[in-house]
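I have placed the structure first, in the form of structure tokens, so that the comments after it can refer back to it.
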Amino acid sequence: MVNPNLELVAELGNRIDRLAELYLNVKRENEMLRNEVAQLTSQLKEAVASKAEMEKKLELVKMSKVIESGADDIQLTKNRINQIVREIDKCIALLNR
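For what it's worth, the numbering used here labels the leading residue of the sequence shown as 9, then goes sequentially.
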């Protein structure tokens with residue numbers, strides 16, 4: 009007859025081996041997910057920067073079209089310039105904080 013304690017020790021050893029294997033698998037998956045998060049974060053930062061740059065270009069195009077539009081839109085141009093001046097004033101106020 010086999011000693012019941014030896015069977016328990018063997019079963020415990022098998023369970024520990026399975027747990028260690030599961031731990032390593034989860035650890036690898038966690039590392040892969042961390043790498044993916046870092047990559048996606050980097051892509052998001054690039055997309056946000058690109059969006060901001062495109063918005064600036066769009067504003068410049070809008071401004072140039074307003075300026076090119078002629079005398080009919082002088083009031084619109086004045087309003088746009090006033091809006092830009094207010095934005096600059098806000099930026100200056102933020103810098104002075």
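C-beta atoms are modelled at their ideal positions from N, C-alpha and C, and glycine is treated no differently.
Using a Cβ distance threshold of 9 angstroms, K70 and R88 count as a contacting pair. No residue range can be given for N11, since it is assigned to no alpha helix (DSSP H) and is classified by DSSP as neither H nor E. For R105, there is no enclosing alpha helix (DSSP H), as DSSP marks it with neither H nor E.
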